[in-house]
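First comes the structure, then the notes that go with it.
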Amino acid sequence: MLKKQLKIMTCLTLLLCGCSADTNDFEPMTKLGDLTKIANHEKVIVDVEVPITHLTTAEKVDELPRFEVESLFGMGWNLIGLDLSQFDLSENKNLIYTSYDTITVWPDKLPATFDPIQIMEQGKNPGLGIRALHEQGITGQGVNIAIIDQTLDVNHEEYADQLMLYEKIHVYDKVISLHGPAVASLAVGKSTGVAPDAKLYYIACDFVDYDVKNDEYTTNFNYLVSAIERVIEINTALPKNEKIRVISISRGFGLGEGAELGSDELYAVIEKAKQEGIFVITTATEMNYDFTIFGLGHKPNSDPDQLDSYTARGLFWRSNPDILFFDDQLLLIPMDGRTFAGMTGEHSYTHTSGGGLSWTVPWLAGMYALCVQADPDMNPDKFIRKINETGDILTLDTGEKIKTVINPQRLIEAIQADKQSN
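Numbering (mature numbering (1 follows the signal peptide of the UniProt record, and there is no 0)) for the sequence shown: -23 to -1, 1 to 399.
And the structure:
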């Protein structure tokens, strides 16, 4: 059960969560919307996905999933979708490392310091003072964001109102993924997102080739290239002041020896998008821009708006203590301890104690949308420069200092001041 759920985080949901299907069911699907309707600001939804049936009710288990230290390098101790009502967890010290959802059934006997409802609610906060900006009217209003990721629940309460477009390019899944609702809500979610009033243009895309006979898949970035080209095409149909300004893609790539199929083409199309005024954020931003992103850890039961609630190393990297920190072009972004839209219905949520770079990309895309609202002439170079000028330095337990942690309030204030002076 645990291994099956972990695969949901990183792989194609339908292919890897134990569902059986006829070979013909795994033909990839492409469905595009009408550009005329898109240009006329009509909501265009080409398909409505459904939840995976067996994940919509809690599974009764006879024993707890084994807690393994290795699980901390992913999404944490996975209790998603489990009925734990029969267990006494009052002395369990590993609960601070759990991942769970609104399907999870908790026992009455829990540690006094572990309140799953409170933790899930706190995890909705994007952190670093983002909600204070929302109260000042900086919400991403008037800015369009595109996301290219796995299948989406188009009706989820976090982003259904903001969703303007849902298309599919080379998609195997016919069900809602975990990853898609997560990244959408972290970018534009009403209660979980950095830019809750930004409009969302979403393209579901599986950038893999799947071999049903051998149950194997291989990366093929050419499908992702097609999705980025589609965003560029959509922008030609949108009015000048309503263009998509940023694309969030929670995937990285490399070039040269060992590069995955389509990597060169992916690099080239991102360069093309840059020329079209679109900021393309991947987990490998250093390939096309002069900065690298890294995910912050978060101390359990601490206020995500406070800088000292974060640790420099998220759980994902605890297995690699030598990873590069001291890079002047490093941006540190909230990653661990987040709550996001779930995959089991429009009111469902999932909380993960750990995380991955997948969660940092939509956060940064949302932050860019806030900056575009503050200054419509914003561009990636100015964005990164201003982050480095206004950001915070995090002090490690060793006394060493690392930078740059984004300071949203100072960033917006600096951008507004520059705009007024010009």
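C-beta atoms are modelled at their ideal positions from N, C-alpha and C, and glycine is treated no differently.
Closest in C-alpha terms to L9, from the list V148, L388 and L243, comes V148. In this structure, the CA atom of T79 is about 16 Å from the CA atom of S154. Ranked by Cα distance from K380, the first of D150, V38, T367 and P42 is T367. Taking a 10 Å sphere around the C-beta of Q350, we find 16 or more other C-beta atoms and assign the residue as buried. Contact between S330 and I73 holds, since their C-beta atoms are separated by about 7 Å, short of 8 Å. Ranking N55, V189, G272 and K363 by CA distance to the CA of S227 puts G272 first. The Cβ-Cβ distance between I211 and I224 does not fall below 8 Å. Apart from the 5 residues on each side of it in sequence, Q283 has no Cβ closer than 6 Å to any other Cβ in its chain.
Between N71 and F44, the C-beta gap is smaller than 8 Å, which places the two residues in contact. According to DSSP, C182 shares a beta bridge with I146. Contact between the segment 91 to 108 and the segment 312 to 324 is present: 3 or more CB-CB pairs across the two stretches fall below 8 Å. Counting the other Cβ atoms within 10 Å of the Cβ of P281 gives 16 or more, which makes it buried. If you look at M344, you'll find it in the alpha helix (DSSP H) that goes L334 to A351.
Annotated as distal: L177 and P385, with beta-carbon spacing of 8 Å or more.
Using a Cβ distance threshold of 8 Å, V171 and L347 count as a contacting pair.
Secondary structure in the segment 195 to 276: the alpha helix (DSSP H) runs of 4 residues or longer, each lying completely within the stretch, are 199 to 214 and 240 to 252 in chain order. Three or more Cβ pairs closer than 8 Å define a contact, and the segment 112 to 124 meets that threshold against the segment 156 to 176. By DSSP's assignment, D188 forms a beta bridge with E193. Residue nearest to N132 within the set E323, P339 and E237 is E323 (criterion: CA-CA distance).
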